[in-house]
Structure formats: structure tokens, C-alpha cells
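Worksheet: one structure, shown below.
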Ligand SMILES: Nc1ncnc2c1ncn2[C@@H]1O[C@H](COP(=O)(O)OP(=O)(O)OP(=O)(O)O)[C@@H](O)[C@H]1O
Ligand SMILES: [Mg+2]
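Numbering (this note's numbering), first residue to last: 3 to 427.
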């Protein structure tokens, strides 16, 4: 691409940086364009893999991003979303104003390259020359002990520049719209902290923990998580959900792509996709397709029964293990008591019910009889939802408010299945 900026892309695997290829990026008529070419080094590497299903490693030439997106999906997955962009944009504008300049508008590539190198999602690292971009000067990712400070800063980002400065590096590295930040455990592992939002009408974060707990009781693959109850004033306490980052193993990074990238979809056409599309691609790409398909199918059943409606294509992902791609642990699940309008449906007819889940089970390599047993055992585990919610400290009024998310005809249908198994191992 002539007239384009050139960015070298490395990927860190098992602590070693590999030069994967070159990205070219340009802006014409306010629109970003990019292309990518694998390096000869990566193509010659016996361990090499495709960093994005849209860019096959067999391509020896420059590949252009098609459609109306500026960046390839694998890079979008490493870039911030609404919350991180807000932090970066405002901090950038503050700095420009402080030096008497008019801030220029930031593009997708700016946001990608400004994300703190240490906590950036997945395993990519970017450089223009030899030096990596956005490498922290010191202590960019705070230790757990500063959790309260970060939580308080997250509540003041709108009005306080110093709160934005504090959150910039640890807070802008992950996608999603809700307030969050990364923190280091005493053993130096990376964690994500999810905070309450000022717009929340109930304790959204606490309910995320409740359903993660229920999901793990149903036998699903859930990242290690815990709840912290932080006192922010004499009368006020806030919930924080801490999760271990599944794209890190100690100091090593683990490549990650969302299912948006897996399907080469975009926000504009995501209604053209369903869980069946994910299952098809997953069976091609996963190194353990039988296990991953079953896990995905169980997530569908769980999602129906807890009304996890915000199940869009960026809320599922894959990680790259030494054996190949695997479905990532479950994340961003939330019960919705308001409606049962799912972002992603089982099929393109928009079905999201137990009957359809059972009908499609075989596409996920789950035989019908096994499927019935699993549905039954998940529904039995979920029957305890009030007990789990109370254990997590949800109030009686919040529990009643949440009832429509858990108590509906789909639960009755699931419970009506006969099965000799009472709990799925
Ligand atoms: N435990 C984890 N380990 C590694 N990455 C994670 C983890 N949890 C979430 N992520 C990454 O961070 C992103 C944002 O997290 P999450 O989806 O939970 O946030 P959110 O703000 O609630 O999102 P949304 O806007 O979809 O509601 C995810 O898309 C995923 O890429
Ligand atoms: Mg999300």
C-alpha cells in the first residue's frame, strides 16, 4: 500500500517474540484502510499459524482488509472498545489542550497502538522500528492493593483528568463498554477488574459473579474469579469482579480472537450469523472440536436458562494453545430480567429455546440422549439460583427483580426432561 504507515507486528508466544508480518495503514477521505503480509520468517516457522481466519498463512502476498472495516478482526480484538476508547480519547485531548494544541481526531489504528503493551489483549506487540510501541515506563499495571483507588477513579473519569491518567494504561487495554481495569496479583499474574457503572440500576457486577458461579456448577469452563466488596465511603460499598486473564500464562501471552473474527463478521452484519455458524467454523479450527462444540452447546443451554441476552459475537472467543485453537473460557455473561431478546440466536430463524437447542445438538456433536441429560442437569443446577444469589449477598428485592431471568417456561421445559443423571460432572 503506497502512502501508508507501516507497522511491524510481532506475536509473543511462550515469552518469545516472533515477527509475524507487516501491516500497512492509511486514511483516505476520513476512512481507514489496511493490509497485511506475513513475514518470510513466520511462514518458514513450523509452529506458524494463521493469526486471523481472513489472512491465511499460505498467502505470500499482501492481503487487503475487505468490507467497511479498517482493521483486520484479530487486531480489532486487541484494540479498545467504548470504555478504553473513551479513556484514550479524553487523556489525549487533555494532553493536546495542555500544550495549547487542537486535538486531532483519533483513528482505529491510533487506538490499537496506544494500548499499553503489557496488558494488551492477546499476544500481539507492535513496532515501527525495533522498539515496541506503548511499552510502559514503570508500573503501568497497578498491584491489587490499589484496587480501591482504581475503582474510585473509574467513577470520576468524566470530570477528573488525574483519574483518567491513573486508569489509562490499566483501563484501556480490554474491549467492552463497561468500566474495567487490569491489575497484577502478588504472584505477578494479570487480572481484569470489572467495576459498577453509574448507569447500573442493580448490582450488575455481583450478578455476573452469581451466573459465573452457576456456570461452573453446570460444568462449564469459567476463568478463576472472585468478588471484592470495597468500601468507598462510610456508607457506600461497591462490588468489583476480579477475573484471571485467560490470555496470559504467567508472563507469557496467549493469542486470542473473538468469534466476530472467527466468522469474519462485523457489527454491521452480525445478524447474519448464529451459533450454528460458530459451530461450523469451530469444528474446522479447534484442536479439540468435540470438547469445544459440546462446551459451546452447553453455553447455549445455559444462556437460554439464565436469559444471557448480551451474547454478541465479541462475547465469545478462542485462545491459541500449543496444540492449536480452543474455545476460550466463558466470560461476560449476565442475566437479563427485562427481556429475552438475544443478540445471537441458535439459528437464523432467531430461535432461542430449549426445543431448538435439542434439535441442533447433533451439529455440536452432542447425541440427543446425552443432550437431554445435560439439559436436565443444567436446569437442576440452576434451580438453586436464589440460594447462590443470597450466598453472594444479593438483596431480597434484587432477587425478586431478577426472577424473570431465571424462572420462565424454558426452565419448566428443561426440568421436565427425564434423566437418570442428577448432576453433570
Ligand atoms: N477473564 C478474561 N481474560 C482475558 N480477557 C478477558 C476476560 N474477560 C474479558 N476479557 C476480554 O475483555 C473484553 C471485555 O470484557 P467483557 O466482555 O467482560 O466486558 P464488557 O464491558 O462487559 O463487555 P460488553 O460491552 O460486551 O458488555 C472481552 O471482549 C474479552 O476480549
Ligand atoms: Mg463484552
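Virtual Cβ for every residue (Gly too), placed ideally from N, Cα, C.
Same chain, Cβ closer than 8 angstroms to residue i, five either side skipped, listed in chain order
i           : result
residue 394 : 208, 211, 212, 215, 229
residue 401 : 388, 391, 392
residue 222 : 297, 300, 301, 304, 332
Nearest neighbour of residue i, chosen from the options [CA to CA]
i           : options            : result
residue 157 : 146, 108, 85       : 85
residue 9   : 73, 16, 62         : 73
residue 50  : 335, 327, 357      : 327
residue 308 : 278, 255, 381, 420 : 381
residue 21  : 53, 33, 37         : 53
residue 155 : 289, 372, 200, 249 : 200
residue 282 : 109, 160, 365, 57  : 365
residue 179 : 310, 316, 280      : 316
residue 220 : 150, 266, 301      : 301
residue 475 : 166, 218, 146      : There is simply no residue 475 to check, as the chain begins at 3 and stops at 427 in what is shown.
residue 35  : 75, 14, 367, 48    : 75
Span of the beta strand (DSSP E), counted from its first residue to its last, around residue i
i           : result
residue 193 : 192-196
residue 185 : 182-186
residue 159 : Taken as a continuous stretch (DSSP letters only), residue 159 belongs to no beta strand (DSSP E), as it is neither H nor E.
residue 19  : 18-30
residue 39  : 33-40
residue 246 : 239-246
residue 49  : That residue, residue 49, is in no beta strand (DSSP E); it is neither H nor E in DSSP.
residue 323 : 319-323
residue 127 : 126-129
residue 329 : 326-329
residue 229 : 227-233
residue 259 : 258-260
Enclosing alpha helix (DSSP H) for residue i [first to last residue]
i           : result
residue 87  : 84-100
residue 76  : 75-78
residue 277 : 277-287
residue 11  : Taken as a continuous stretch (DSSP letters only), residue 11 belongs to no alpha helix (DSSP H), being part of the beta strand (DSSP E) at 7-15.
residue 405 : 398-408
residue 392 : 387-393
residue 218 : 206-219
7 angstroms Cβ shell around residue i - same chain, five flanking residues per side excluded
i           : result
residue 69  : 268
residue 233 : 239
residue 319 : 258, 259, 260, 261, 330
residue 406 : 339
residue 314 : 272, 345, 346
Rounded separation between residue i and residue j - CA only
i           : j           : result
residue 412 : residue 377 : 11 angstroms
residue 124 : residue 410 : 38 angstroms
residue 28  : residue 119 : 22 angstroms
residue 408 : residue 176 : 29 angstroms
residue 129 : residue 349 : 41 angstroms
residue 275 : residue 87  : 26 angstroms
residue 305 : residue 369 : 20 angstroms
residue 7   : residue 40  : 16 angstroms
residue 78  : residue 163 : 27 angstroms
residue 26  : residue 253 : 29 angstroms
residue 396 : residue 204 : 10 angstroms
residue 263 : residue 237 : 44 angstroms
residue 418 : residue 181 : 40 angstroms
residue 174 : residue 94  : 12 angstroms
heavy atom of ligand 4 below 7 angstroms from residue i C-beta
i           : result
residue 346 : Within the structure as shown, ligand 4 is missing, the only ligands being ligand 1 and ligand 2.
Other residues of its chain near residue i: CB distance less than 6 angstroms, five sequence neighbours each side excluded
i           : result
residue 415 : 356
residue 152 : 183
residue 80  : 122, 123, 124, 126
residue 167 : none
residue 277 : 302, 348
For this session: Output the residues surrounding ligand 1, defined as those with a CB atom closer than 7 angstroms to any ligand heavy atom, in chain order.
Result: Working through the chain, the matches are 79, 83, 84, 85, 123, 176, 177, 178, 179, 180, 182, 194, 196, 225, 245, 246, 247, 248, 249, 258, 260, 312, 314, 316, 317, 319, 331, 333, 334.
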